[in-house]
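For the sequence shown, our numbering begins at 1 and goes up steadily by one.
All remarks here apply to the structure that follows.
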Amino acid sequence: MARTVTVTLGPHYEEFIRANIAGGRYNNVSEVIRAGLRRLEEDEIRLAAIRAALIEGEESGVVEGFNPEAFVKKLNADHEAEVRPV
């Protein structure tokens, strides 16, 4: 169930909210705040996934037989093939 919460935003965010409502993207302050919280939640989920992947990579150990120069050369060649006009 929704409940009322009081927060202090300051002039910058008050104007940001007013501008978004005036621009028609949102109907009221609550919609703007909810959109911001959804975005924050999405960012936190992505950040947690990145951190987990970093830990997994660190714990996986050193790759044997990896040639970084050849890898970069292949990446560059693949990129050139994608952006080269047909």
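Yeah, the Cβ is synthetic: ideal placement off N, Cα and C, and Gly gets one too.
Since the structure is predicted, the reported quantities are computational estimates derived from the model, not experimental observations.
Exercise. Three-state secondary structure (DSSP) at Phe-71?
Worked result: Position 71 of the sequence shown holds residue 71. Residue state, collapsed to three classes: helix.
For this session: May I ask you to report which of helix, strand or coil DSSP gives Ala-2?
Result: The sequence position of residue 2 within the sequence shown is 2, counting from 1. Judged by DSSP in its simplified three-state form, Ala-2 adopts coil rather than helix or strand.
Exercise. Where does Pro-72 land, buried or exposed, given buried means 16+ other C-beta within 10 angstroms?
Worked result: Taking the first residue of the sequence shown as 1, we reach residue 72 at position 72. Checking the sequence shown, residue 72 turns out to be Val, not Pro. By the neighbour-count rule (16 or more Cβ atoms within 10 Å), Val-72 is not buried but exposed.
Exercise. Between Val-32 and Asn-20, is the Cβ-Cβ spacing less than 7 Å?
Worked result: Within the sequence shown, numbered from 1, the residue matching residue 32 stands at position 32. Within the sequence shown, numbered from 1, the residue matching residue 20 stands at position 20. Against a cut-off of 7 Å, the Cβ pair of Asn-20 and Val-32 comes out as a contact.
Problem set entry | Alpha-carbon spacing of Val-63 relative to Glu-69, whole angstroms | Looking up residue 63 in the sequence shown gives position 63. Looking up residue 69 in the sequence shown gives position 69. Those two C-alpha atoms are separated by around 14 Å.
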